[in-house]
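**Student:** Protein chains in written order, with this note's numbering: chain A, -5 to 281; chain B, -5 to 281. All residues carry an ideal CB built from backbone N, CA and C; glycine is no exception.
There are 2 protein chains.
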Amino acid sequence: MKIPPAPFKGWIDEYHEGIRYGMKGQIILEEQSAFQKITVIESKRYGKGLLLDGCWMTAEHQERHYHECLVQPALCSAAQIKKILIIGGGDGGTARECLRHKEIEHLDLVEIDQRVVEVSQQHLPTIGGLAWKDPRLHLKIEDGIAWVAKSSDASYDVVIVDSSDPVGPAKGLFNKDFFENCKRILRPDGVFATQSESPEAFRQVHIDTVRIIREVFDFADPLYGWVPMYPSGWWSWTFASIDQPRYKIPILKRVENIKNECEIWSSRWQIGAFETIPAFIERELSK
Amino acid sequence: MKIPPAPFKGWIDEYHEGIRYGMKGQIILEEQSAFQKITVIESKRYGKGLLLDGCWMTAEHQERHYHECLVQPALCSAAQIKKILIIGGGDGGTARECLRHKEIEHLDLVEIDQRVVEVSQQHLPTIGGLAWKDPRLHLKIEDGIAWVAKSSDASYDVVIVDSSDPVGPAKGLFNKDFFENCKRILRPDGVFATQSESPEAFRQVHIDTVRIIREVFDFADPLYGWVPMYPSGWWSWTFASIDQPRYKIPILKRVENIKNECEIWSSRWQIGAFETIPAFIERELSK
């Protein structure tokens, strides 16, 4: 028997300040976890997609824009990448993107909401991919703020914050105490990475985030890219380091190992993306 | 009497392949011109906005993303900028952006649809700004394809194509004959610029456009930026030249003259934006 195609009659939209971005599709799961509303949809254009509290998080065919740009500038530039920490990232995409690098020995993935992990494993298995079965992955269902507070000094080569917007469970991931702990647990030749919101749709949060990270770390710069499903489609990630601005210099051998697997990221793209700071943000940050 | 604020109850959306981008607002004008359906809205977030055939074209508070990125890389890098041609651009934004440069003596703005000009002058006057009254501006309501065919060899310092998508009246602005005429009428030390669609939402059109321009011109490269209201928010413009890739090297004096007036563009931004070619497009174009 031939299964008829999905009708995709409805629209699932994220609303943000008088703008909406919608995908044609249908909701296949909606539940309230202990932390947030979790929605999974089947979309016509980008495959299955995940929303948390009504905000687009990821989708099967539009996730590399986000995950490659958060992960590869850090993983390709830290002096060594044996031990990695990811805060958030319960969909598994950031872990998968990291674990492409064979040099990784141990990856801690610290996600506060177990249901995000379970729902992603069940409905969006391609996003985490082989990461979920990789023995190097150590999944901890814990509060990321508490995790960085209790971790030892200089114990990670790379620390990545893969958070949602600074409301709800992610609110504490955008303040100075948290970033200071991230710096403390990072090796002096390591790299810190975080998503840092949209310079257009979350202009002030973006500016504040970059400023705080610059106060905490010796070197920090935002990088700009595209995630069509996020408000305005214009997104940023901020990278920081201690001994020198190492996030600006990809290590050739690592680039060679992964470049054919990447859709968006390349060392050329990365170098350019640190320069495409819009004039209004550059002026604001130089005040 | 206090005028109550607009209710902004409705949504005006552009639909594209299972995705929609909408602004909360209300339609204040809708008419069918000889060429296309023209819609003007008053939006909550970005002021007044213009749609042609249901596609977002521009809005008062989101137009500099597009106009600065189309214009300034060309205007800041051509050897001289006395005589400029714009094909399309009936909203006036591209002309306004050009006319910031005092070196311009003569600007031909060739728009096929008189109603786009009239509607923009009436409802979106800030987009054209002072350009409409600038004696250097020569508005021609004519077919851009015929205009470039009849123009003299090497008669323009800069040729800019500010078109809508390659359907309807803009279809003929994406083919080899047209680009060959653009090259013919350009001075050998001039620069050609065109919007070249989204690498995400119009991937094949984008690739084909860059390829054709590379066949015609000796040097041509795409540059990537953001126009949140366009499909995917991820946009491109392609620049070309004859004697050397001059569009890559902004002339310092011109940069100094305009940099404080720009919101997105800076010479730093421009240099980066030519490098942020996504890996999948770079691979495709190198085939």
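So what's Ile106(B) in DSSP terms, helix, strand or just coil?
**Tutor:** Here the question's residue 106(B) lines up with position 112 in the second sequence. Note: Ile106(B) maps to coil in three-state DSSP.
**Student:** Measuring straight from C-alpha to C-alpha, what distance separates Cys49(B) and Tyr60(B)?
**Tutor:** Residue mapping note: residue 49(B) aligns to position 55 of the second sequence, counting from 1. Residue mapping note: residue 60(B) aligns to position 66 of the second sequence, counting from 1. So the two alpha carbons sit approximately 15 Å from each other.
**Student:** Cβ atoms of Ala148(A) and Gly219(A): under 8 Å apart, would you say?
**Tutor:** To locate residue 219(A), count along the first sequence from 1; it is residue 225. To locate residue 148(A), count along the first sequence from 1; it is residue 154. No, the pair does not count as a contact, with Cβ atoms beyond the cut-off.
**Student:** In chain order, what residues of the stretch 206 to 236 of chain A put their CB closer than 7 Å to some CB of chain B?
**Tutor:** Against chain B - using a Cβ distance shorter than 7 Å - the residues of the stretch 206 to 236 of chain A are Trp220, Pro222, Ser226, Gly227 and Trp228.
**Student:** Considering only DSSP beta bridges, list what Met285(A) is partnered with.
**Tutor:** The shown model of chain A, from -5 to 281, leaves out residue 285(A), and the question about it has no answer.
**Student:** Assign Ala195(B) to one of three DSSP states: helix, strand, or coil.
**Tutor:** On the second sequence, position 201 is the one that residue 195(B) refers to. Residue state, collapsed to three classes: coil.
**Student:** Using DSSP's beta-bridge definition, name the partner residues of Asp215(A).
**Tutor:** Residue numbering aside, residue 215(A) sits at position 221 when the first sequence is read from its first letter. Note: Asp215(A) sits in a beta bridge opposite Phe233(A).
**Student:** Would you identify the three-state DSSP class for Val249(A), choosing helix, strand or coil?
**Tutor:** By one-based count along the first sequence, residue 249(A) stands at place 255. Of the three classes helix, strand and coil, the one that applies to Val249(A) here is helix, per DSSP.
**Student:** If we call anything under 8 Å between Cβ atoms a contact, is Ala214(A) one with Ala234(A)?
**Tutor:** Counting from one through the first sequence, the residue named residue 214(A) turns up at place 220. Counting from one through the first sequence, the residue named residue 234(A) turns up at place 240. Contact: yes.
**Student:** Inspect the beta-carbon positions of Lys38(B) and Phe2(B) and report whether they are closer than 8 Å.
**Tutor:** Position 44 of the second sequence, counting from 1, holds the residue named residue 38(B). Position 8 of the second sequence, counting from 1, holds the residue named residue 2(B). In this structure, Phe2(B) lies closer than 8 Å to Lys38(B) by Cβ.
**Student:** At a Cβ threshold of 8 Å, is Met17(A) touching chain B?
**Tutor:** Taking the first sequence and counting its residues from 1, the one referred to as residue 17(A) is at position 23. Interface residue, yes.
**Student:** Alpha carbon to alpha carbon, how far is Val65(A) from Lys282(A)? Give it in angstroms, no decimals.
**Tutor:** No statement about residue 282(A) is possible, as the shown extent of chain A runs from -5 to 281 and does not include it.
**Student:** Could you give the first and the last residue of the continuous beta strand (DSSP E) run that contains Tyr150(A)?
**Tutor:** Numbered from its first residue, the first sequence carries residue 150(A) at position 156. Tyr150(A) -> beta strand (DSSP E) spans Tyr150 to Asp156.
**Student:** Taking a cut of 8 Å between CB atoms, which residues from the stretch 248 to 267 of chain A lie near chain B?
**Tutor:** So the list reads Lys253, Cys256, Glu257, Ile258, Trp259, Ser260, Arg262, Trp263, Ile265, Gly266 and Ala267, given in the order they occur along the chain.
**Student:** So, using beta-carbon positions, are Asp102(B) and Leu79(B) closer together than 8 Å?
**Tutor:** In the second sequence, residue 102(B) corresponds to position 108, counting from 1. In the second sequence, residue 79(B) corresponds to position 85, counting from 1. The answer is yes: Cβ separation under 8 Å.
**Student:** DSSP three-state label for Gln189(B), please.
**Tutor:** The residue labelled residue 189(B) in the question sits at position 195 within the second sequence. Gln189(B) falls in the strand class under three-state DSSP.
**Student:** With DSSP run on the structure shown, which of helix, strand or coil describes Cys92(B)?
**Tutor:** Residue 92(B) sits at position 98 when you count from the first residue of the second sequence. In the structure shown, Cys92(B) sits in a helix (DSSP, three-state: H, G or I).
**Student:** Restricting to Cα atoms, I'd like to know which of Lys127(B), Ile207(B), Tyr40(B) and Phe29(B) is closest to Ile6(B).
**Tutor:** Translated into positions along the second sequence, residue 6(B) becomes position 12. Ranking Lys127(B), Ile207(B), Tyr40(B) and Phe29(B) by Cα distance to Ile6(B) puts Tyr40(B) first.
**Student:** What residues match up with Ala53(B) in a beta bridge as DSSP calls it?
**Tutor:** On the second sequence, residue 53(B) is found 59 positions in, with the first residue counted as 1. Beta-bridge pairing links Ala53(B) to Gly43(B).
**Student:** Determine whether the Cβ of Ala187(A) lies closer than 8 Å to any Cβ atom of chain B.
**Tutor:** Here residue 187(A) is taken as the residue at index 193 of the first sequence, counted from 1. No, no contact with chain B.
**Student:** Mapping the DSSP letters down to three states, classify Val34(A) as helix, strand or coil.
**Tutor:** Your numbering for residue 34(A) matches position 40 in the first sequence. If DSSP states are grouped into helix, strand and coil, Val34(A) belongs with the strands.
**Student:** Which residues, taken in chain order from the stretch 25 to 54 of chain B, show a beta carbon closer than 9 Å to some beta carbon of chain A?
**Tutor:** Correct list: Ser37, Lys38, Arg39 and Tyr40.
**Student:** Mark Ile22(A) as exposed unless 16 or more other C-beta atoms lie within 10 angstroms of its C-beta, in which case mark it buried.
**Tutor:** As a first step, residue 22(A) is located in the first sequence; it is residue number 28 there, counting from the start. Per the 10 Å Cβ criterion, exposed.
**Student:** Along chain A, which residues have their Cβ under 8 Å away from the Cβ of Phe274(B)?
**Tutor:** By one-based count along the second sequence, residue 274(B) stands at place 280. Chain A residues near Phe274(B): Glu257 and Ile258.
**Student:** Please check if any C-beta of chain A sits within less than 8 Å of the C-beta of Thr120(B).
**Tutor:** Locating residue 120(B) in the second sequence gives position 126, where the first residue counts as 1. Answer no: the Cβ-Cβ gap between Thr120(B) and chain A never drops below 8 Å.
**Student:** What three-state label does DSSP hand Gly227(B) in the structure shown?
**Tutor:** The count along the second sequence starts at 1 and reaches residue 227(B) at position 233. Gly227(B): coil per DSSP, three-state reduction.
**Student:** Residues of chain B with CB closer than 9 Å to the CB of Ile13(A), please, in chain order.
**Tutor:** As a working note, residue 13(A) is residue 19 in the first sequence. Within 9 Å Cβ-Cβ: Tyr15, Gly16, Met17, Lys18, Ser37, Lys38, Arg39, Tyr40, Pro222 and Met223.
**Student:** Keeping to the same chain, check which residues put their C-beta closer than 7 Å to that of Ile201(B); ignore five residues upstream and five downstream.
**Tutor:** As a first step, residue 201(B) is located in the second sequence; it is residue number 207 there, counting from the start. Ile275, Glu278 and Leu279, listed in sequence order.
**Student:** Suppose you measure from the CA of Glu57(B) to the CA of Trp229(A); what does that come to, to the nearest Å?
**Tutor:** For the purposes of this step, residue 57(B) is taken as residue 63 along the second sequence, with counting starting at 1. For the purposes of this step, residue 229(A) is taken as residue 235 along the first sequence, with counting starting at 1. Going by the C-alpha atoms only, they are around 18 Å apart.
**Student:** Where does Trp220(B) sit, in a helix, a strand or coil, going by DSSP?
**Tutor:** Residue mapping note: residue 220(B) aligns to position 226 of the second sequence, counting from 1. Of the three classes helix, strand and coil, the one that applies to Trp220(B) here is strand, per DSSP.
**Student:** Under the DSSP definition of a beta bridge, which residues are partnered with His132(A)?
**Tutor:** As a first step, residue 132(A) is located in the first sequence; it is residue number 138 there, counting from the start. Paired residues: Asp102(A).
**Student:** Excluding the 5 residues flanking His10(B) on each side, which residues of the same chain have their C-beta closer than 7 Å to its C-beta?
**Tutor:** Locating residue 10(B) in the second sequence gives position 16, counting from the first residue. Cβ neighbours of His10(B) beyond the five flanking positions: Ala195 and Pro225.
**Student:** Does the Cβ-Cβ distance between Leu167(B) and Ser114(B) come in under 8 Å?
**Tutor:** Position 173 of the second sequence, counting from 1, holds the residue named residue 167(B). Position 120 of the second sequence, counting from 1, holds the residue named residue 114(B). No, they are not a contact pair.
**Student:** Under a CB-based cut-off of 8 Å, is Glu194(B) close to chain A?
**Tutor:** Within the second sequence, numbered from 1, the residue matching residue 194(B) stands at position 200. True, the Cβ-Cβ gap to chain A drops below 8 Å.
**Student:** Between the Cα of Pro222(A) and the Cα atoms of His117(A), Ile154(A) and Met51(A), which residue gives the shortest distance?
**Tutor:** Counting from 1 along the first sequence, the entry for residue 222(A) is found at position 228. Of the candidates His117(A), Ile154(A) and Met51(A), the one whose C-alpha sits nearest the C-alpha of Pro222(A) is Met51(A).
**Student:** Using beta-carbon positions only, say whether Gly16(B) and Ile35(B) come within less than 8 Å of one another.
**Tutor:** To locate residue 16(B), count along the second sequence from 1; it is residue 22. To locate residue 35(B), count along the second sequence from 1; it is residue 41. For Gly16(B) and Ile35(B), no; Cβs fall outside 8 Å.
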